[in-house]
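Visitor: Protein chains in written order, with this note's numbering: chain A, 2 to 186; chain B, 2 to 186. Cβ coordinates follow ideal geometry from the N, Cα and C atoms, glycine included. All values derive from a computational prediction rather than experimental measurement. Once you've had a glance at the structure underneath, I'll fire off some questions.
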DNA sequence: GACATGTATATGTGCCGTCATATATAGTCG
DNA sequence: CGACTATATATGACGGCACATATACATGTC
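Shown next, in the form of structure tokens:
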């Protein structure tokens, strides 16, 4: 569902080919959304069928021709409807919490290992995200940041906050199940 | 993928029918995992094929017969492998962040409305979760809580923390884009 | 008496996503 | 020279998941 709307979102910024879109997804929303290449092309075909997008072939020399997709008026209306509309109820699925829910049968050391590995993964993710944020921060330093840019930064901030929360939670849980031994009073 | 493992998790606690499993999903992990009824039956069939689960029909009078599923030794090994194994790289997909990413084209009031509605939704979710936690807290008050129970509470705590984080983030963003007017000095 | 709800299992259909693969050319690296 | 990467689009196969629907009986409600 959302994939088509995401594509409309990108096409509202500028006309793009499927190839462009794949790069745009990976480079700009990659930290919270992944899109499969094959699926992008199929979604584009569907958007054209629905009249939300128009295509024209741009011939190129030395490289394959591009199929440039441009959003239509109907497509813009559809996009705005999605943007302002209610959130489609997304099915929550947290595989890691599922593991924790059933991890009572594990040996304590195995459980600790699972949690420690999780913290490591999340720490690495946090570094990636703060790295991205720092990079953008330096790039934009001084200038006044407009609303669209501010919103893009906000999506990054969201990831950073949730990653920090996840690390804090896992650390707290680790301490709970494996209290650091204390000298008796 | 995870659905079969989640089912193995439940069956490691006690033998269950598909109907039991559906209720177990909705009642105990419903706040972070949803499972479709049809999919549960298909997953069970597959688990039986793979030798991870055994079935026997329990005849009942006055109500339909139950097909009781019991985890096998191979199933337990599979479960433990999943529990201790590396997290399968789950594709991140945050539809709301996608909206925010493209929401720069909205009129400021529409954007504020989207964010405000989101905060409301998350606040309601927070109330649900804290309600659940309080209920469990009262139920377990005084007794000593064993590890499996502690882990189940931890999954709830995870949801509460992330929901709080989401609310804080959205509130901060709202203030950023709509600074409360201040009297001039 | 009709209708809804609970118990219980199962199939059909269609969408979406992932992975593999095909095709064609230009440039780069060892 | 051969292998790999980048540019660019497209299809086939397969699996998971959601939603609708079917069946059957008991009990509770208006």
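If the cut is a Cβ gap below 7 Å, which residues of chain A does residue 105/B touch?
Guide: For the purposes of this step, residue 105/B is taken as the residue at position 104 of the second chain. Under the 7 Å cutoff, chain A gives 148, 149, 152.
Visitor: Give the interface partners of residue 100/B over in chain A, defined as CB-CB distance under 7 Å, in chain order.
Guide: Within the second chain, the letter at position 99 stands for residue 100/B. Here the neighbours are 84.
Visitor: Quick check: what's the CA-CA separation for residue 46/A versus residue 9/A?
Guide: Taking the first chain and counting its residues from 1, the one referred to as residue 46/A is at position 45. Taking the first chain and counting its residues from 1, the one referred to as residue 9/A is at position 8. Cα to Cα, residue 46/A sits roughly 13 Å from residue 9/A.
Visitor: Using only the alpha-carbon positions, how far apart do residue 115/B and residue 84/A sit?
Guide: As a position in the second chain, residue 115/B is number 114, starting the count at 1. As a position in the first chain, residue 84/A is number 83, starting the count at 1. Roughly 8 Å between the two C-alpha positions.
Visitor: As an exercise, report each continuous alpha helix (DSSP H) stretch of at least 4 residues that is fully enclosed by the segment 43-118 of chain A, in chain order.
Guide: Listed in chain order, the complete alpha helix (DSSP H) runs (minimum 4 residues) inside the segment 43-118 of chain A are 74-85, 96-103.
Visitor: In whole angstroms, what separates the C-alpha of residue 54/B from that of residue 12/A?
Guide: Taking the second chain and counting its residues from 1, one reaches residue 54/B at position 53. Taking the first chain and counting its residues from 1, one reaches residue 12/A at position 11. Using only the alpha carbons, I get a separation of about 49 Å.
Visitor: Name, please, each residue of chain A whose Cβ falls closer than 9 Å to the Cβ of residue 143/B.
Guide: Numbered from 1 along the second chain, position 142 holds the residue referred to as residue 143/B. Those do not exist, as residue 143/B stays about 18 Å from chain A at its closest Cβ, beyond 9 Å.
Visitor: For residue 141/B and residue 132/B, what's the separation of their Cα atoms in angstroms?
Guide: The residue given as residue 141/B occupies position 140 in the second chain. The residue given as residue 132/B occupies position 131 in the second chain. For residue 141/B and residue 132/B, the distance between alpha carbons rounds to 14 Å.
Visitor: Is it right to say residue 87/A is buried, meaning 16 or more other beta carbons lie within 10 angstroms of its own, or is it exposed?
Guide: The count along the first chain starts at 1 and reaches residue 87/A at position 86. The residue is exposed, with fewer than 16 neighbouring Cβ atoms inside 10 Å.
Visitor: In chain order, what residues of the segment 63-97 of chain A put their CB closer than 8 Å to some CB of chain B?
Guide: If the cut-off is 8 Å between Cβ atoms, the segment 63-97 of chain A has 80, 81, 83, 84, 85, 87, 88, 89, 91, 92, 93, 94, 95, 96, 97 near chain B.
Visitor: Within this structure, are the beta carbons of residue 33/A and residue 160/A separated by less than 8 Å?
Guide: Here residue 33/A is taken as the residue at index 32 of the first chain, counted from 1. Here residue 160/A is taken as the residue at index 159 of the first chain, counted from 1. Taking 8 Å as the Cβ cut-off, residue 33/A and residue 160/A qualify as a contacting pair.
Visitor: By Cβ distance below 6 Å, which residues in the same chain neighbour residue 124/B in space, the five residues on each side in sequence not counted?
Guide: Walking along the second chain from the start, residue 124/B turns up at place 123. Taken in chain order, the list of residues that qualify is empty.
Visitor: Under 8 Å, Cβ to Cβ, is there at least one residue of chain B near residue 10/A?
Guide: Your numbering for residue 10/A matches position 9 in the first chain. Output row for residue 10/A: interface = yes.
Visitor: Considering only C-alpha positions, which residue in the set 111/B, 119/B, 42/B, 79/B is nearest to residue 23/B?
Guide: In the second chain, counting from the first residue as 1, residue 23/B sits at position 22. If we check each option's Cα against that of residue 23/B, 42/B comes out closest.
Visitor: Mind listing which residues of the segment 156-183 of chain B have their C-beta closer than 9 Å to chain A's C-betas, in chain order?
Guide: So the list reads 156, 158, 159, 160, 162, 163, 165, 166, 167, 169, 170, 171, 173, 174, 177, 178, given in the order they occur along the chain.
Visitor: Relative to the C-alpha of residue 60/A, which candidate in 89/A, 18/A, 97/A has its C-alpha closest?
Guide: Taking the first residue of the first chain as 1, we reach residue 60/A at position 59. Closest by alpha carbon: 18/A.
Visitor: Say whether chain B places a C-beta atom closer than 8 Å to the C-beta of residue 18/A.
Guide: Here residue 18/A is taken as the residue at index 17 of the first chain, counted from 1. False, the Cβ-Cβ gap to chain B never drops below 8 Å.
Visitor: Please return the same chain residues whose Cβ sits closer than 7 Å to the Cβ of residue 167/B, not counting the five positions on each side in sequence.
Guide: By one-based count along the second chain, residue 167/B stands at place 166. So the qualifying residues of the chain are 123.
Visitor: Count Cβ pairs between the segment 89-98 of chain A and the segment 86-103 of chain B that sit closer than 8 Å; are there 3 or more?
Guide: The answer is yes - the segment 86-103 of chain B touches the segment 89-98 of chain A, with three or more Cβ pairs under 8 Å.
Visitor: Let me see if you follow: with CB-CB separation under 8 Å, is residue 7/A close to chain B or not?
Guide: Numbered from its first residue, the first chain carries residue 7/A at position 6. So yes, residue 7/A belongs to the interface.
Visitor: At a Cβ threshold of 8 Å, is residue 27/B touching chain A?
Guide: Against the second chain, residue 27/B aligns to sequence position 26. Not closer than 8 Å to any Cβ of chain A, the Cβ of residue 27/B fails to qualify, so no.
Visitor: Compute the distance between the beta-carbons of residue 44/B and residue 5/B, then report whether it is under 8 Å.
Guide: Counting from 1 along the second chain, the entry for residue 44/B is found at position 43. Counting from 1 along the second chain, the entry for residue 5/B is found at position 4. The answer is yes: Cβ separation under 8 Å.
Visitor: What residues of chain A sit near residue 30/B, judged by a beta carbon separation below 8 Å?
Guide: Your numbering for residue 30/B matches position 29 in the second chain. Result: 98, 99, 102.
Visitor: Should residue 76/A be labelled buried (16 or more other beta-carbon atoms within 10 Å of its own) or exposed?
Guide: Position 75 of the first chain, counted from the start, is the residue given in the question as residue 76/A. Residue 76/A is buried by the Cβ-count criterion.
Visitor: Which bits of chain A does residue 35/B rub up against, with CB to CB less than 8 Å?
Guide: Locating residue 35/B in the second chain gives position 34, where the first residue counts as 1. Here the neighbours are 92, 93, 94.
Visitor: Rounded to whole angstroms, what is the Cα-Cα separation between residue 108/A and residue 158/A?
Guide: In the first chain, counting from the first residue as 1, residue 108/A sits at position 107. In the first chain, counting from the first residue as 1, residue 158/A sits at position 157. If I take the Cα positions, the gap works out to 37 Å.
Visitor: For the alpha helix (DSSP H) containing residue 153/B, name the first residue and the last one.
Guide: On the second chain, position 152 is the one that residue 153/B refers to. Segment 148-178, the alpha helix (DSSP H) holding residue 153/B.
Visitor: For residue 154/B and residue 163/A, what's the separation of their Cα atoms in angstroms?
Guide: The residue given as residue 154/B occupies position 153 in the second chain. The residue given as residue 163/A occupies position 162 in the first chain. Near 19 Å, if we compare the C-alpha coordinates of residue 163/A and residue 154/B.
Visitor: Anyone know if the C-beta pair for residue 177/B and residue 151/A falls short of 8 Å?
Guide: The residue labelled residue 177/B in the question sits at position 176 within the second chain. The residue labelled residue 151/A in the question sits at position 150 within the first chain. For residue 177/B and residue 151/A, yes; Cβs fall inside 8 Å.
Visitor: Can you name, in chain order, every residue of its own chain whose Cβ lies under 8 Å from the Cβ of residue 38/A, other than the five neighbours on each side?
Guide: For the purposes of this step, residue 38/A is taken as residue 37 along the first chain, with counting starting at 1. Cβ neighbours of residue 38/A beyond the five flanking positions: 19, 23.
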